[in-house]
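Numbering (this note's numbering), first residue to last: 69 to 358.
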Amino acid sequence: MSDSSARSTAPSASKTSATKRRIDGVRPCLKCGHDLHGQTIERSEALGLFFARCAECGTAAPLVEQPILGLWGRRVGIFFLMASVQAVLTIGLVTVLILFGTSLGILEEALAPARAAASSMLPIGTWNIDPIWWFENEDEVIKAMTTASKIPWTSNSLRTMALIVGPVMVFMGIIWSGLLLGIRRRHLPWVAVIANGLAFVMLMIFIFLLCPLPEINGPRSTIWEATLRIMSPAMAVPVCFAQMLTMTAGLLAGRPLLRRTACFILPPRSRTLLRALWDADGLKLPAHRG
């Protein structure tokens, strides 16, 4: 009688109570690998342990609270946070410099026929532009430059550069879509607009400061400087616009491509480490393969 009474009054290990807290972070289920993020934390009244049940397989995952780091722990966290921000800013500067370099290179190649046409009009044996000669022949030289500059967009060299620069712009867009996870996908094209806008401003500053007009620079001016100063401002707009479009394509296709790559390479249990790729666009992390 006493044994049955003792058994009836013994606390039940299955009796639990739900708390008001939920799992905030990445915590895969030990059995199926499903992410437990958002699951309600329960407490076993008999054992006094906290746990959360997997929404897929129902397995109870025990939770162990980690001790709070002290002052140095917070300092290390702030250091890595600032280092991450600095790394993103550095990558942004490198991106703008790459855009500036590619746009200048494309302009250099596109202006080669215009430069050749203007050079053929110079007196034989002359490298620099004589201000008097420029004053007398400016209209004819600019007309020859304009006529020649209409041809190069179909040249093989420019096609080759486009085949190289285009994939580079798309790849940069994919990288930035993975770096700026705090920005919604529909707002990512602004990254391409800002980056190419800064590159265009740098290009104009370079042209107007380093390549003055022959009537200003005098006998120190060259055909290279004159061609770049006169023809580049109008031709730089379509070049930077094309770079912006290709980079925008990479920005919009980047996250879906990164998510598909993660699903293709990583098993379901390991995908939880890249949960931010899904959270950035309000998507649910897939628990199955594929």
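Backbone N, C-alpha and C fix where the C-beta goes; we use that ideal spot for every residue, glycine too.
Check, Outcome
"Check: Cys97 C-beta below 7 Å from any heavy atom of the ligand NAP", "Ligands are entirely absent from the displayed structure, and the ligand NAP is therefore not among its contents."
"Touch test, the segment 258-274 against the segment 158-168, Cβ-Cβ under 8 Å, three pairs minimum", "yes"
"Neighbourhood of Met69 by C-beta, 6 Å cutoff - its chain only, sequence neighbours within 5 removed", "Low confidence applies here, because Met69 scores a pLDDT of 42, under 50, leaving its location unreliable; read the following figure in that light. So the list is empty, once near-sequence residues are dropped."
"Three-state secondary structure (DSSP) of Arg327", "helix"
"Phe309 classed as buried or exposed, judged by whether at least 16 other C-beta atoms fall within 10 angstroms", "exposed"
"Integer-rounded CB distance, given that Ser245 should sit under 8 Å from Leu319", "5 Å"
"Between the CA atoms of Val94 and Asp103 - distance to the nearest angstrom", "6 Å"
"N-terminal and C-terminal residue of the beta strand (DSSP E) that Thr108 is part of", "108-112"
"Helix, strand or coil at Thr127 [DSSP, three-state]", "coil"
"Beta bridge counterpart(s) of Phe148 as assigned by DSSP", "For Phe148, which the question treats as bridged, DSSP gives no partner whatsoever."
"Assigned secondary structure, Ala74 (DSSP; H/G/I helix, E/B strand, else coil)", "Low confidence applies to Ala74: its pLDDT is 41, below 50, so where it sits in the model is not reliable enough to give any reading."
"Nearest-angstrom Cα separation, counted from Ser338 out to Phe119", "21 Å"
"Secondary structure, alpha helix (DSSP H): runs of 4+ residues fully inside the segment 180-213", "180-187"
"Burial state of Val259 (16 or more Cβ within 10 Å)", "buried"
"Beta-carbon gap between Val261 and Thr314 smaller than 8 Å", "no"
"Same chain, Cβ closer than 6 Å to Pro335, five either side skipped, listed in chain order", "none"
"Ala120: first and last residue of the uninterrupted alpha helix (DSSP H) it sits in", "Note, Ala120: premise wrong, no alpha helix (DSSP H); beta strand (DSSP E) at 118-121."
"Extent of the continuous alpha helix (DSSP H) to which Ser338 belongs", "336-339"
"CB contact flag (Ile275, Leu296, <8 Å)", "yes"
"For Arg90, the nearest candidate out of Lys99, Thr108, Leu98, Cys100 (CA to CA)", "Thr108"
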